[in-house]
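First to last, the protein sequences are chains A and B. Take the first sequence: its letter number 9 is residue 9 in this note's numbering, and every next letter is one higher. Numbers in this note's numbering are just positions in the second sequence, counted from 1, shifted up by 623. Every residue gets a Cβ at the ideal spot worked out from N, C-alpha and C, and that includes glycine. Data first, discussion second: the structure below is written as structure tokens.
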Amino acid sequence: MIDQSDNVIKLSSINRRMFILGIAKIIILGGIVSRLFFLQVKENKKYLTLSDKNRIREWKLPPVRGDFQDFFGNTIAGNFEAYQLHLIPEQVDNFRYTMNRIKTILELSDKEFQKIIKRKKEIKPWETLIVADNLSWKNFSKINNNLYDLNGVKPIISISRNYPFKENYTHILGYVSQANENDIASNDYIKEKFVQGLKVGKIGLEKTFEESLIGNNSIERYEVNAYGRRISQLAFQQGDKGQTIKLTVDTEIQKLANELLIDKSGSICVMDIFTGHVVAMHSSPSFDPNSFVFGISQDDWQLIRNNPMKPLINKSISGNYSPGSTIKPIVALSALENDIVSPKFTVQCRGHKHPLELYGQTYHCWKKEGHGYVNMREAMKQSCDTYFYEVARKLGVDKLSETAKKFGLGKKVFGNLFDNEKDGLVPNTLWKKNALGRNWLLGETIITGIGQGYIQTTPLQLCLMTAQIANGGHKIYPTLLIDNNDKKDKFVSLVNNPENIKFIQEAMFSSTNEIRGTSYRSRIEDPRYQFAGKTGTAQVKRITERDRELDLKTSEIPYEERDHALYVAFGPYKNPRYAISILVEHGGSGGSVAAPIAKTLFKKIIDRHDVRKDFVSKKYLEI
Amino acid sequence: MYLHNKLENKGNFFQKIKNLDFVLLTCILILGIISLATMYSTDSGEVLFHTKSHFVKFVIFTLLMLIVSFFNIRLWFSLGYFSYLAVVAMLIWTIHFGITASGSQRWIDLYFINIQPSELMKIFIILCLAKFFHRKRLENVNSFYSVIISLIIIFLPMSLVIIQPDLGTALLISISGIIVLWFAGLNHKYFFYSLLITIVSLPFIISFLKPYQKLRVLTFLNPDRDPLGAGYQIIQSKIAVGSGGLFGKGFLKGTQSYLEFLPEKHTDFIFTLFSEEFGFFGSVFLLLIYAIIIYRIIKIGAISRSYFAKLFCYSFGASMFVYIIINMSMVLGLLPIVGSPLPIMSYGGSSMLATMIGFGIVMSAKVHSKQSIA
Numbered sequence: 001m002i003d004q005s006d007n008v009i010k011l012s013s014i015n016r017r018m019f020i021l022g023i024a025k026i027i028i029l030g031g032i033v034s035r036l037f038f039l040q041v042k043e044n045k046k047y048l049t050l051s052d053k054n055r056i057r058e059w060k061l062p063p064v065r066g067d068f069q070d071f072f073g074n075t076i077a078g079n080f081e082a083y084q085l086h087l088i089p090e091q092v093d094n095f096r097y098t099m100n101r102i103k104t105i106l107e108l109s110d111k112e113f114q115k116i117i118k119r120k121k122e123i124k125p126w127e128t129l130i131v132a133d134n135l136s137w138k139n140f141s142k143i144n145n146n147l148y149d150l151n152g153v154k155p156i157i158s159i160s161r162n163y164p165f166k167e168n169y170t171h172i173l174g175y176v177s178q179a180n181e182n183d184i185a186s187n188d189y190i191k192e193k194f195v196q197g198l199k200v201g202k203i204g205l206e207k208t209f210e211e212s213l214i215g216n217n218s219i220e221r222y223e224v225n226a227y228g229r230r231i232s233q234l235a236f237q238q239g240d241k242g243q244t245i246k247l248t249v250d251t252e253i254q255k256l257a258n259e260l261l262i263d264k265s266g267s268i269c270v271m272d273i274f275t276g277h278v279v280a281m282h283s284s285p286s287f288d289p290n291s292f293v294f295g296i297s298q299d300d301w302q303l304i305r306n307n308p309m310k311p312l313i314n315k316s317i318s319g320n321y322s323p324g325s326t327i328k329p330i331v332a333l334s335a336l337e338n339d340i341v342s343p344k345f346t347v348q349c350r351g352h353k354h355p356l357e358l359y360g361q362t363y364h365c366w367k368k369e370g371h372g373y374v375n376m377r378e379a380m381k382q383s384c385d386t387y388f389y390e391v392a393r394k395l396g397v398d399k400l401s402e403t404a405k406k407f408g409l410g411k412k413v414f415g416n417l418f419d420n421e422k423d424g425l426v427p428n429t430l431w432k433k434n435a436l437g438r439n440w441l442l443g444e445t446i447i448t449g450i451g452q453g454y455i456q457t458t459p460l461q462l463c464l465m466t467a468q469i470a471n472g473g474h475k476i477y478p479t480l481l482i483d484n485n486d487k488k489d490k491f492v493s494l495v496n497n498p499e500n501i502k503f504i505q506e507a508m509f510s511s512t513n514e515i516r517g518t519s520y521r522s523r524i525e526d527p528r529y530q531f532a533g534k535t536g537t538a539q540v541k542r543i544t545e546r547d548r549e550l551d552l553k554t555s556e557i558p559y560e561e562r563d564h565a566l567y568v569a570f571g572p573y574k575n576p577r578y579a580i581s582i583l584v585e586h587g588g589s590g591g592s593v594a595a596p597i598a599k600t601l602f603k604k605i606i607d608r609h610d611v612r613k614d615f616v617s618k619k620y621l622e623i
Numbered sequence: 624m625y626l627h628n629k630l631e632n633k634g635n636f637f638q639k640i641k642n643l644d645f646v647l648l649t650c651i652l653i654l655g656i657i658s659l660a661t662m663y664s665t666d667s668g669e670v671l672f673h674t675k676s677h678f679v680k681f682v683i684f685t686l687l688m689l690i691v692s693f694f695n696i697r698l699w700f701s702l703g704y705f706s707y708l709a710v711v712a713m714l715i716w717t718i719h720f721g722i723t724a725s726g727s728q729r730w731i732d733l734y735f736i737n738i739q740p741s742e743l744m745k746i747f748i749i750l751c752l753a754k755f756f757h758r759k760r761l762e763n764v765n766s767f768y769s770v771i772i773s774l775i776i777i778f779l780p781m782s783l784v785i786i787q788p789d790l791g792t793a794l795l796i797s798i799s800g801i802i803v804l805w806f807a808g809l810n811h812k813y814f815f816y817s818l819l820i821t822i823v824s825l826p827f828i829i830s831f832l833k834p835y836q837k838l839r840v841l842t843f844l845n846p847d848r849d850p851l852g853a854g855y856q857i858i859q860s861k862i863a864v865g866s867g868g869l870f871g872k873g874f875l876k877g878t879q880s881y882l883e884f885l886p887e888k889h890t891d892f893i894f895t896l897f898s899e900e901f902g903f904f905g906s907v908f909l910l911l912i913y914a915i916i917i918y919r920i921i922k923i924g925a926i927s928r929s930y931f932a933k934l935f936c937y938s939f940g941a942s943m944f945v946y947i948i949i950n951m952s953m954v955l956g957l958l959p960i961v962g963s964p965l966p967i968m969s970y971g972g973s974s975m976l977a978t979m980i981g982f983g984i985v986m987s988a989k990v991h992s993k994q995s996i997a
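Structure below.
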């Protein structure tokens, strides 16, 4: 059928074509090999990196926050081990059953239960579900006892913020809480270190020192698969705890301050008059910052927010108050410094029936019967208003404001340390023109002389003012931090004539320790504790003629309209070391409400001073 | 004469074993072992379903290959048209009663095994066309009649497979057919013209493509346009191969596959896994095994006395080569993703069955190389 010659042609044709294709095959094979060489040898590094990028993922853990310590090294804000309950949904055989078991063991309410179920739906099945973030020891042990029945449930001990002295340091330290979007956006440190569950300072020193406190994240490096599931841990890099910050405060005094102001609204500041160390600074009422760490409940929050005594405000530095009579030492000092009057200058105070009259306005002394003829020392001692009206009139507001500013009024004491500190206000003619656009009135000078009118101070400013009077008129820089090595000019004199300061100190002594002194009843005779002070009663409302006739007792006036009671003092008198300021909002008169607090406080302060001294000398010995 | 025949028949069985191509057989066995090891790795170092199933299939189909090789090449010649028609029938059956998986209807259920007729067609189209051209005189090959018939033989299964839809396999079937036409001596000008026509009509062909197929072409041209979507496979595959380096990451240590970054690692992307774990040297070794297999197939074709056997061997060898190259080019990012398995290595019974039948017929041609077909 097929003839031989055709077959030969066919065979030669197929073999020729085979040869052509064979060569093509070799070339193509070479192409594949060179492609392999290109990928695997030449570009190997690039693809190796990409492959590692694929499979290795890092997890940041929340960093351990630095502590706050008081002067004696007691931790006042630290960390504690919070008992938490974590659960990985995919490791649980029967989620519904397990959750119901947990619900009964922990006695969760339906609302809490629903919240957890909702959160479970938002995460991937292999991600951690935090069932409870702060369990009591009792519940934690109950869970541990029932673990045989709770597959996939993990009891975890995690580190969390703790304030052992609760409400005592709330206004100094502030508190931490879950970082929100604002925190992340406003602070690069937080942004860099953010992980789910990171807590950051919201207010106070916790916020100011966020960058030192926050610490460094621990990093876990895991091998993950294509779906992001962790397969194995490759490395663990231990993070660093944040810095410990040492404060100048004394917890014993701080605690006493809290006790003294309990159920009252007010502030106590205590300052070392030489170093400027703030030994105590309390604002009352306070609240427990621990309740914010795991998120405060709506009810508790409303309770704090709607409290008429305003626990959220740090009254020591954010409360602007009329200083009342506590300004009188500065008025007197200013008059003496400017040679307006001498200490012998005498004024007759004739009581309510014969008030000082100026341009049709009347200016009353607080004492109905009047003080009679008073010189400067007597006027300070008995806090005669009429005398200071007269001195202020002669002095003028501009000179007064100059002295007041020199002594620390009218500007932030801590500078940028707190973002909620207020400046206060020391008025002068220029200020009124600029701020209100009107000319200064003489009457305004007169009421400024007794610390009313435009003038406003924070309790801490009053404390600083008193401290600088007590140390002989030298400039100090108040601080809350021990390691504050600012190279500021220390101890610059603020007065021209040291005798003037001596006189003021002596007058304040008489006010507390001599009969008819406004705080005579709160004196301590033991020279070890003896202190000198000046009372103040700041009106919050203008006193009308009707009020004067009624002459109501404090308890009979509505709370909102009662006077603020103030007291500033320093001690021990013979060898002064500490200055204090006390404010009781709507407390009544300074002499009857604020000064008695000072009596208790000074005992403690002086006793603690020895402990403080010992502690410092021991510290040097150790070195 | 009768006695002589009988004597010959007696020694037949041992004679046939002796006549087997042991180099080819060894290479197939080595390939089988490599594929089993790789399959074991895809199962994350455990003997799981894929490994077991692949092992069983490999053993059965290797035995089947030997059985096929013991039958006279004349039998396979005579079954040429019949087997082709049987597979066409199966393809038609598939269209109506096939099993659908991942969007296309490719398998038919034979109760003990699911079979993919389109894979079998890759072999039987060669067998059919080889028979068709065996009888043709060279001058008749280029006649209008034979060109039309051969084109029908190619286009019929091709269109049946496109309907499934499985463009990749359809292309491979047609390439197998075209290879036979080339060896049969079809005039070069036909190839030249049809290539020209294809290039000219490319825009029209593309407009007929399904959206996902267009996406594959676009992705091939620029894999980075959608790295987590359409480009994911090819990018991850390149990362796996590239990160293997000279010596590879080591057996069972391929992170890309072990951590499930590699898609389709049992089937189309098996070479990626192998290459990641055994590196450049491993890959070249694998290529060498394939090259030896193809070389032996061509060698057998060269020594075969019958034109049919020669044509089949050459075409089968060339087709094997094309399958391997297309699969590798695809995973190395040289071609768009078309579903094409790597012979023997990839998981999949039908593909292995077809390849083994092919090897069996080649072996049969070797054993019966002195046999001429009238």
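Taking C-beta atoms as the reference points, A:THR535 and A:ALA594 count as a pair closer than 8 Å.
The beta-carbon distance between A:LEU566 and A:GLY591, rounded to whole angstroms, is 10 Å. This is too long to meet the 8 Å contact definition. The residues ASP250, GLU252, ILE253, in chain order, have a CB closer than 7 Å to that of A:ARG608 in the same chain once the five nearest residues on each side in sequence are set aside. In the structure shown, A:VAL540 falls within a coil segment according to DSSP collapsed to helix, strand and coil. If only complete runs of 4 or more residues are kept, the segment 450 to 503 of chain A shows the alpha helix (DSSP H) at 459 to 470, in order along the chain. Contact between the segment 791 to 808 of chain B and the segment 747 to 764 of chain B is present: 3 or more CB-CB pairs across the two stretches fall below 8 Å. With a cutoff of 8 Å on beta-carbon distance, A:GLY408 and A:GLN456 are scored as not near each other. Ranked by Cα distance from B:ILE683, the options B:ILE736, B:PHE815, B:SER963, B:VAL803 are led by B:ILE736. Within the segment 913 to 946 of chain B, the residues whose Cβ lies closer than 7 Å to some Cβ of chain A are ALA914, ILE921, TYR930, LYS933, LEU934, TYR937, ALA941, PHE944, listed in chain order. The straight-line gap separating the alpha-carbon atoms of B:PHE894 and A:LEU39 is approximately 14 Å.
Counting along the chain, A:GLN84 sits inside the beta strand (DSSP E) bounded by residues 75 to 87. Leaving aside the five residues that flank A:ALA404 on each side, the residues in its chain whose CB is nearer than 6 Å to its CB run, in chain order, ILE330, VAL426. Taking 8 Å as the cut-off, the beta carbon of B:GLY800 is found no closer than this to the beta carbon of B:LEU750. Against B:VAL907, the close residues of chain A are VAL33, LEU36, in the order they occur along the chain (beta-carbon pairs closer than 8 Å).
When beta bridges are read from the DSSP output, B:GLU900 appears opposite no residue. Chain order gives the chain B residues near A:VAL224 as LEU882, where near means a beta carbon separation below 8 Å.
For the pair A:ILE123 and B:PHE827, the Cα-to-Cα distance works out to about 48 Å.
Judged by DSSP in its simplified three-state form, A:TRP440 adopts coil rather than helix or strand. Going by beta carbons, B:SER860 and B:PHE903 fall outside the 8 Å limit. Burial is judged here by how many other beta carbons sit within 10 angstroms of a residue's own beta carbon; A:ILE117 has fewer than 16 and is exposed.
Closer than 7 Å at the C-beta level to chain A, one finds no residue of the segment 964 to 994 of chain B. At least 8 Å separates the beta-carbon of A:GLY66 from that of A:ILE184. Pairing B:ILE920 with B:PHE908 gives a Cβ-Cβ distance that is not under 8 Å. With a 10 Å radius around the Cβ and a threshold of 16 neighbouring Cβ atoms, A:GLU369 comes out exposed. An exposed status is given to A:LYS344, since fewer than 16 other beta-carbon atoms sit within 10 Å of its beta-carbon.
DSSP places A:MET309 in the coil class of the three-state scheme, outside both helix and strand. Distance from the Cα of B:ILE690 is smallest, within the candidate group B:SER992, B:PHE982, B:LYS993, for B:PHE982.
In the structure shown, A:THR128 adopts coil according to DSSP, grouped into three states.
Annotation: A:ILE157 is outside any alpha helix (DSSP H); the continuous beta strand (DSSP E) that includes it extends over 153 to 162. Judged by DSSP in its simplified three-state form, A:TYR175 adopts coil rather than helix or strand. Residue-level contact check: A:SER286 does not touch chain B, since none of the beta carbons of chain B fall below 8 Å from its beta carbon. DSSP places B:ARG848 outside any alpha helix (DSSP H), giving it a letter other than H or E. Check the Cα spacing between A:ILE172 and each of A:ASP133, A:ILE313, A:ILE105, A:GLU81: the tightest is with A:ILE313.
Among the residues of chain B, none has a CB under 8 Å from the CB of A:ASN187; the nearest is roughly 32 Å distant. Taking 8 Å as the threshold, the shortest C-beta distance from A:ARG55 to chain B falls below it. About 7 Å separates the Cβ atoms of B:ILE696 and B:SER929, confirming a contact at the 8 Å cut-off.
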